[in-house]
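For reference, the structure is listed below as structure tokens.
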Amino acid sequence: MTMENFERVTIVLAEDDEGHARLTEKNLERAGIRNKIHKCITGSAVIDYICGEGEFAGKPHISDTLILLDLNMPIMDGYQVLEKLKSNEKTKQIPIIVLTTTDDKREIKRCYELGCNIYITKPVDYIGFSNAVRELGLFLSVVKIPNGV
Amino acid sequence: MHLLNRFSDLPVRYRIIFTLIVVVLISEVSLSFFAFKQFENSMIAESIQHLRDIRSNRIYSVRTELTQHIQINDIFSSLPETAEVLVAYNKLPGNRQTPDKSGEAIEHLIHHLGEQTGLYDLFVIAKNGDIIHSAKKEADFNTNLLTGPYRNTALAKAYRHAINQLQTRTSSIAFYMPSNAMAVFIASPVILHGQLLGAVAIQLDWKSLADILGSITGLGKSGEVVAGVLHGDKAYLAPLRHMPTSEMDFTVPMGANLAGPIQDALQGHVSSAFDVDYRNIPVVAAWGYIPELEMGLVVKMDKAELMESVQNMQQNAIMIVLGVMIGTVFIGMMLARTISSPIDELTETTLAYADGNMEERSNISSHDEIGLLATAFNTMADNIKRYNQDVIDKNLKLKAYGEELEQRVEERTATLSAANEEIKSFAYIVSHDLRSPLVNLKGFTGELDYTLKEISEKLASIKDKLEASEQQEMQKLIEEEIPESMGFITTSVEKMDAMLAAILKLSRLGRRELVLETIDLSETAESLVDIHRHQLQETHSRVDIGDLPCIRNDRMVVEQILGNLIDNAIKYLDPERAGEISISAVSRDSGIAIAVTDNGHGIAESENDKVFQIFRRGRHTTVQGEGMGLAYVQTLARAQGGSITFESQENLGTTFTVFLPCIENNEV
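Going line by line, the protein sequences match chains A and B. Going by the UniProt record's numbering, the letters in the first sequence line up with residues 1 to 149, in that order. Going by the UniProt record's numbering, the letters in the second sequence line up with residues 1 to 668, in that order.
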């Protein structure tokens with residue numbers, strides 16, 4: 001896997017808080033991630049985009065996709081999105097990184113049970129958050145994306 | 001006693017019937033026994049009297065018969081023809097019988113008398129003993145009664161007696177050879193002008209006497225009259241009802257244990273008694289003696305026949321007893337029913353009532369004891385029903401209260417649950433929703449920092465184009481004013497983040513799943529105190545750990561509780577004096593009470609309400625801390641059903657006591 005391959009990957013940023021989305025975007029950018037970022041502010045928008053429904057009818061985005069998922073979202077929350085995508089044979093290969101504000105152990109456990117690949121807590125400490133997102137960016141740059149090889 | 005108990009267990013009606021039967025049976029049997037005895041005695045007496053009467057009657061009849069014949073013989077002897085023929089005979093020499101005129105006349109008379117009276121024979125006997133005339137002219141005719149062959153017969157005896165005593169004489173009954181039959185003779189002297197001429201005699205037909213004697217009229221099935229004469233040492237009995245004999249050829253030896261009555265009668269006695277007859281069968285008999293005939297007479301009947309009526313009476317008596325018995329049982333049943341049926345009715349009513357039918361009442365309206373009892377029962381039943389109704393009403397009220405209470409509890413519980421849920425969701429809001437804006441605040445403050453750095457760099461490149469005063473002003477804004485504002489923002493955000501974290505921790509502690517293990521409280525306390533060793537040494541303070549037991553609980557919880565209490569005790573020690581802290585534990589009821597006592601600042605009474613509130617700290621602001629310690633302890637204690645209390649006096653010290661109930665393994 002090379003950087004060129006990874007650059008084809010679209011990052012789906014599922015986040016209802018525009019501030020958080022913007023901060024995540026900026027930090028990824030600062031970490032050198034130049035990938036296309038698709039923002040969703042509801043869980044169902046994520047499903048529409050991935051599975052090719054609603055607005056994206058007939059245009060699924062299953063390959064070359066990575067999801068940064070916030071748990072607390074309207075219409076469909078992160079858990080539902082996680083459950084739906086990980087229980088579907090076609091979409092279960094898509095890497096999902098849960099990025100959320102709580103570090104509640106039970107929530108973390110639940111996310112891993114539902115099949116999330118990585119769980120990252122959003123720290124209030126800005127430097128910490130920046131570092132986390134930046135590390136995520138580095139991580140994303142080396143992660144193996146299915147169908148994107 | 002046992003039988004009496006069994007008897008008293010029987011239903012009333014059986015007891016009444018039984019008692020009646022016993023009473024009636026005893027009186028009836030004794031009465032009938034005495035009546036029967038009386039009857040038997042009177043029957044016997046009556047029978048004996050009857051037999052006596054018959055005996056007298058027969059003796060009288062025989063005597064009457066004899067008297068008639070004696071009169072006939074007297075007439076016969078006094079007839080002129082008789083005297084005439086005897087005179088004529090006595091005159092004849094050689095005593096020879098010669099037919100003459102007088103002889104014809106007497107022959108005619110004898111025949112006529114014989115036919116008229118039914119006599120068997122008539123004799124004219126001369127003074128010398130010659131039988132000169134007779135009606136039948138049997139073998140005795142023309143024989144001499146003093147010297148002839150028949151000189152020892154009854155006829156001869158009667159003749160001799162008559163002429164010797166000059167009296168009419170009746171012979172005893174005896175067998176008379178010339179007639180070849182039993183016979184009785186009556187002889188009378190014939191006297192003319194004071195001179196004995198001879199005698200006349202009549203021979204009675206035995207049959208006529210036998211008919212009188214043998215009549216069994218009034219003697220029932222077995223009775224008879226036994227006539228007997230004594231010859232030598234034997235009693236000769238006339239023909240008998242139960243013995244097929246003719247004439248008097250049945251004999252009973254005198255002195256034998258047989259036919260006692262006739263033996264006694266032949267000895268001239270008159271009596272009556274029970275005895276055995278000639279057949280050796282028990283009889284009741286009355287007997288007498290006819291001296292003229294030297295004849296004993298017994299009137300008797302079988303004892304069995306006499307007793308037959310007694311037995312009949314006995315049978316009748318038994319039948320009557322049985323009849324009365326059945327009647328008694330019937331009456332007893334009727335009586336028992338009148339007594340026991342109200343009792344049964346009342347018993348049924350009572351049983352039905354006892355079974356729970358509170359409406360059951362007795363409708364017995366009599367004025368006897370049962371009636372009173374029934375009335376009392378009804379009154380009692382009414383009272384019980386009323387009391388019961390009262391109890392039911394009260395129970396219903398209680399139940400209603402209970403339900404109301406339950407409903408209130410449910411409502412409160414629902415409210416509490418809702419509140420609890422709100423707290424939980426509050427914790428969630430704290431952890432997610434309230435934290436999100438903080439992330440932005442902090443994040444964009446950081447972005448501003450980046451932006452400010454870029455502005456500084458950009459400003460450096462255009463620095464020369466600005467005036468010195470403007471440069472200074474810009475520098476002050478960029479290096480002092482903006483960083484100061486951002487600093488306050490950052491500090492506040494961090495503080496708020498810490499507070500949210502504290503609240504979140506509190507919420508998590510309350511929901512912690514306990515992991516039970518055996519904890520040595522002494523060891524735990526020592527290691528917790530050990531953390532503060534340096535500080536304690538500096539302030540010359542001392543911690544006294546009492547004899548603490550081992551408990552079964554969650555190690556983290558116990559450490560949090562004990563740690564917070566020890567921290568607080570040390571934190572709020574009065575620096576003016578040496579600290580004295582003691583840790584003790586008392587097992588009580590169903591748990592353990594752990595107490596931590598200090599001699600620190602104490603808590604002012606005005607602060608009592610705030611002790612367990614979150615973010616509250618004591619007035620001594622020099623003391624560091626987030627103000628959550630006691631809130632954590634309270635939450636942890638309450639989460640397992642425990643509690644925390646304290647006693648304090650300002651400037652003297654405080655004792656915090658935590659009670660933790662025993663936790664059964666299966667509860668977790």
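Even glycine gets a Cβ: it sits at the ideal position worked out from N, Cα and C. In this text the structure is predicted, and so the values were computed from the model without any measurement.
Output the distance between the C-alpha atoms of residue i and residue j, rounded to the nearest integer angstrom.
i	j	result
B:I202	B:Y159	11 angstroms
B:S590	B:G642	11 angstroms
A:I67	A:K122	16 angstroms
B:L230	B:L86	35 angstroms
B:Y77	B:I186	One point to set straight first is that residue 77 of chain B is Ser, not Tyr, in the sequence displayed. The straight-line gap from Cα to Cα measures roughly 11 angstroms.
B:L213	B:V276	20 angstroms
B:T451	A:E15	24 angstroms
B:V553	B:A631	It should be pointed out that residue 553 of chain B corresponds to Asn in this sequence rather than to Val. Distance between the alpha carbons of B:N553 and B:A631 is about 20 angstroms.
A:K92	B:K571	55 angstroms
B:N152	B:N164	16 angstroms
B:E494	B:V430	14 angstroms
B:S8	B:I370	19 angstroms
A:L85	B:L434	28 angstroms
B:V283	B:A273	8 angstroms
A:M3	B:Q472	Confidence is the limiting factor: at A:M3 the pLDDT is only 47, short of 50, which leaves the residue's position unreliable and the question unanswerable from this model.
B:A199	B:L192	11 angstroms
B:R412	B:G510	20 angstroms
B:F659	A:L69	45 angstroms
A:V149	B:E454	Caution is warranted here: a pLDDT of 37 is assigned to A:V149, below 50, making its placement in the model unreliable, and no coordinate value can be reported.
List the DSSP bridge partners of residue i.
i	result
B:T654	B:D598 and B:S648
B:T170	B:I186
A:R110	Paired residues: none, contrary to the question.
A:V12	A:H38 and A:I67
B:D121	B:Q203
B:T518	B:R552
B:F274	B:V284
B:A593	B:V586 and B:F659
B:I320	BP columns for B:I320 are empty, so no partner.
B:A418	None; B:A418 has no bridge partner.
B:E403	Answer is none; B:E403 lacks a bridge partner.
B:Y89	Paired residue(s): none; B:Y89 is not in a bridge.
B:E580	B:R542
Considering residue i, what are the terminal residues of the beta strand (DSSP E) in which it resides?
i	result
B:N553	C550 to D554
B:Y289	P282 to I290
A:G98	A quick correction: the sequence has Val, not Gly, at residue 98 of chain A. Residues I96 to T100.
B:A235	K234 to L237
A:Y119	I118 to T121
B:S134	I131 to S134
In the DSSP assignment, find the unbroken alpha helix (DSSP H) run with residue i in it and report its ends.
i	result
B:G296	It is not in any alpha helix (DSSP H) - B:G296 instead sits in the beta strand (DSSP E) that spans M295 to D302.
residue 726 of chain B	Residue numbering for chain B in the displayed model covers 1 to 668; residue 726 of chain B lies beyond these limits and cannot be assessed.
B:I26	V12 to S78
B:K610	Careful: B:K610 lies outside any alpha helix (DSSP H) and carries neither H nor E.
B:D544	Looking at the DSSP string, B:D544 is not in any alpha helix (DSSP H); the run it does join, the beta strand (DSSP E), is R542 to I545.
B:L441	R435 to S461
B:F7	H2 to D9
residue 675 of chain B	This structure gives no information on residue 675 of chain B, because the portion of chain B shown stretches from 1 to 668.
B:D497	I482 to G510
A:D48	G43 to C51
B:V633	G629 to A639
B:D264	G260 to L266
residue 150 of chain A	In the structure as shown, chain A starts at 1 and stops at 149, and residue 150 of chain A therefore has no counterpart that could be examined.
B:I163	A154 to Q165
A:R22	E18 to R30
Just checking my contact of residue i with residue j at CB under 8 angstroms: how many whole Å lie between their CB atoms?
i	j	result
B:V543	B:I592	Contact flag wrong, Cβ pair sits at about 19 angstroms.
B:P268	B:Y289	It is Gly, not Pro, that sits at residue 268 of chain B in the sequence shown. With a Cβ gap of about 5 angstroms, B:G268 and B:Y289 count as contacting.
B:L297	B:I59	6 angstroms
B:L166	B:L196	7 angstroms
B:T654	B:F646	6 angstroms
B:A569	B:D598	4 angstroms
B:V596	B:I603	Going by Cβ atoms, the distance from B:V596 to B:I603 rounds to 14 angstroms, so no, they are not a contact pair.
B:F615	B:G625	With 8 angstroms as the limit, B:F615 and B:G625 do not qualify as a contact, their Cβ atoms being about 10 angstroms apart.
B:I16	B:I326	Actually they are not in contact, since the Cβ atoms of B:I16 and B:I326 sit about 16 angstroms apart, beyond 8 angstroms.
I want to verify the contact list: residues of chain E whose CB lies under 9 angstroms from the CB of residue i, in sequence order.
i	result
B:F426	Going by chain labels, chain E is absent from the structure shown, which instead holds the protein chains A and B.
- Query: Which ranges would you report for the beta strand (DSSP E) in the region 188 to 230 of chain B if only whole runs of at least 3 residues count?
  - Reply: Counting whole runs of 3 or more residues, the region 188 to 230 of chain B contains the beta strand (DSSP E) stretches 195 to 205.
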